[in-house]
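These notes concern the structure reproduced below.
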Amino acid sequence: MADHMRPLLPQTDHESVVNEDPVPLISNCKFWSLDDIIEDNIGDFGWAQLVQCLLVSLARLFDGQQTFITIFTDAEPSWHCSTTSNDVTCTTNSDICQLSNSEWAWDGSSSRTIVSEWNLQCASSIITSLPSSSFFLGSFLGCLFLATLADSSLGRKKLLFLSCLIMSFSALATIFSTNVWIYAILKFLSGFGTASIGTCVLLLLTEKVGKKWRGQLGIMGFFFFSLGYLSLPTIAYMNRDSSWRSLYLYTSIPAIIYCIFVFIFVSESPRWLFLQGREAEAIEILKRIAPIKDRSLKSSLVSHVDIKVETSNSIKCLFVKRWALRRILGVMVLGFGIGMVYYGIPMGVQDLGFNIYLGTMCNALLEMPSYLVTFLVIDRCQRRFSILGFCVASGIFSILCFIVSNYGSNDQEIVIMKIGIEIASLFGACMAYNILLIYTTELFPTSVRNAATSMVRLAIAFSSVVSPVLARAGRRNAILSYGVFGFVIIFCSIFVAFLPATKGATLCDTMNEQEKENDTFVT
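Numbering-wise, the sequence shown is residues 4 to 526 according to the working numbering.
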């Protein structure tokens with residue numbers, strides 16, 4: 004680790020700043036930290052910051068679409084007994100794999116989903132869940148390979164642009180798939196691209212505002228992710244008689260256009276630029292995004308500021324220092340448990356005996372109030388207790404969903420009850436997911452923040468590789484899906500006890516600063 008210390012601007016009152024005599028500036032001063040500079044210039048929230056936040060958050064909309072699009076493209080469509088068959092053994096409750104091809108037919112076109120187009124209705128759950136698992140496997144490996152790029156060479160903006168580009172072009176190429184294997188490979192590439200989108204968006208949102216707005220703005224990306232998820236049932240329903248390829252076409256083209264806007268209009272994180280020694284660029288961005296009424300005086304102060312530059316292997320730092328190792332392992336275990344429910348439950352919505360369009364829309368709509376509740380509680384409750392409470396509640400409702408599914412009937416009242424319990428479980432997971440990612444950005448300094456957040460998303464992605472397989476297997480026995488989901492998230496929530504409180508903490512920029520800050524909080 005190489006540290007280069009340059010002099011910081013002395014902090015003075017307004018009268019000393021405007022005095023042309025340099026003596027008062029030196030005599031009554033204390034050194035400014037980077038956090039002081041950022042807070043002093045962008046602590047308030049202005050229109051320029053709002054525009055940047057909205058533009059950055061749009062990436063999560065397309066991320067949400069590609070993450071859950073397989074709910075519709077890979078679903079098993081409804082079928083009916085063929086009227087041309089004289090065999091009376093065919094009923095709506097028959098096992099489709101025990102019938103001959105002449106005894107039944109798909110409702111509508113056979114190209115509605117990959118299952119009907121490629122005759123996967125009798126394939127194993129491993130094959131039918133392969134595209135979804137490949138997507139999350141790509142996300143898992145993407146987190147590994149791209150984790151340090153936003154902290155080192157590329158930065159937040161360029162990595163966001165690159166990730167969106169890979170995701171959108173891979174999704175567009177998917178429409179040319181001729182079999183499930185090519186389709187799975189392209190889903191893998193799409194997942195690889197989405198790996199860093201959530202992390203880059205979260206960092207660009209939280210690093211361009213002061214601590215007063217950090218928690219509230221941090222959930223904006225989650226809100227747009229839900230909008231993307233919510234748009235899928237509408238797009239799918241409007242194209243329910245068309246090929247599954249149309250869904251990829253209508254979601255990938257706008258994403259490609261969005262990449263152009265990211266490249267031209269999104270600005271880099273001033274915190275990251277400062278840490279890379281690119282002070283002139285950071286100052287220009289601060290001037291552009293600072294509230295207009297504060298630009299003249301505060302920008303003149305910032306123009307004289309230099310900071311401590313820390314260059315290191317961000318991943319290595321997380322596992323070398325004991326306090327960092329304890330934190331990263333704790334949040335990764337939490338991420339694994341939360342991701343199991345967050346991604347697993349939506350994948351199993353078709354198995355509850357409910358309309359797939361309405362069920363998915365209910366799940367997507369559910370995320371909206373979760374962001375509102377997160378917005379309200381993020382600055383009122385301790386992060387640790389909030390995560391623990393929501394994880395335990397989610398696990399209990401997931402286990403209840405397994406019990407009702409196994410021992411309840413298929414009456415309409417029971418189906419509605421199952422949907423209600425499933426929604427409650429997903430709501431708890433959504434709340435825990437939102438708070439965990441914001442909590443992670445507060446646990447680690449700027450120099451390793453992207454790497455730490457990427458490691459959490461890596462753990463989430465790892466659980467999401469497994470969850471589609473469990474969701475498919477749960478069609479035969481619900482304990483393999485909802486039962487496992489519930490037990491895993493409750494067990495993983497225990498590890499929050501090893502993490503410190505961060506509410507009201509200063510957002511540090513280097514590992515050394517973070518170590519000093521740790522002394523002021525109970526660990």
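Glycine included, every Cβ here is placed at the ideal spot set by N, Cα and C. Owing to the predicted nature of the structure, the values given are computational and were not obtained by experimental measurement.
At what residues does the alpha helix (DSSP H) containing residue i begin and finish?
i	result
C262	R248 to F268
C167	G158 to A176
C495	Y485 to S496
G67	W50 to F71
C146	L133 to L149
S373	I359 to V380
K290	E282 to I292
A327	R325 to M350
Taking just the CA atoms, how far does residue j sit from residue i?
i	j	result
R243	I74	13 Å
T444	L206	8 Å
Y442	S180	40 Å
T509	I482	44 Å
S60	L502	28 Å
L189	E520	44 Å
F266	Q385	37 Å
L165	I200	9 Å
I263	A62	12 Å
I256	F172	9 Å
A427	N122	35 Å
E271	S128	43 Å
I130	G392	36 Å
S85	E106	5 Å
A108	S119	10 Å
G111	Y240	13 Å
G398	Q517	33 Å
N104	C93	11 Å
I359	P134	19 Å
Y261	L149	21 Å
L57	V487	37 Å
S137	A283	43 Å
S142	I99	34 Å
S306	A51	Residue placement at S306 cannot be trusted, given a pLDDT of 46 that sits under 50; the coordinates are not used to answer.
L368	I286	40 Å
Y253	K160	25 Å
A327	F447	8 Å
L361	F430	17 Å
I528	C365	For the chain, the structure presents residues 4 to 526; residue 528 sits outside this window and is missing.
With DSSP as the reference, identify every bridge partner of residue i, one or two as the case may be.
i	result
W109	W82
Report back the beta-carbon spacing between residue i and residue j to the nearest angstrom; my notes put them in contact at under 8 Å.
i	j	result
F228	S467	About 14 Å; that fails the 8 Å criterion.
G197	Q69	In the sequence as displayed, the identity of residue 197 is Thr instead of Gly. About 6 Å separates the two Cβ atoms, so the contact holds.
G338	A474	Actually they are not in contact, since the Cβ atoms of G338 and A474 sit about 19 Å apart, beyond 8 Å.
Y346	S470	5 Å
A232	E370	The sequence given here has Tyr at residue 232, not Ala. Contact flag correct, Cβ pair sits at about 7 Å.
L321	A454	6 Å
K324	M514	7 Å
D394	G340	The amino acid occupying residue 394 in the given sequence is Cys; Asp does not appear at that position. 7 Å between Cβ atoms; contact.
V344	F498	At roughly 16 Å, the Cβ-Cβ gap does not stay under 8 Å, so V344 and F498 are not in contact.
S389	I438	5 Å
Does DSSP classify residue i as helix, strand or coil?
i	result
S450	helix
P273	helix
P503	coil
W184	helix
S127	coil
G231	helix
T444	helix
N515	helix
V212	coil
R243	coil
L278	helix
N437	helix
C100	helix
R386	helix
W121	coil
S114	coil
I222	coil
S155	coil
S199	coil
C93	coil
T509	coil
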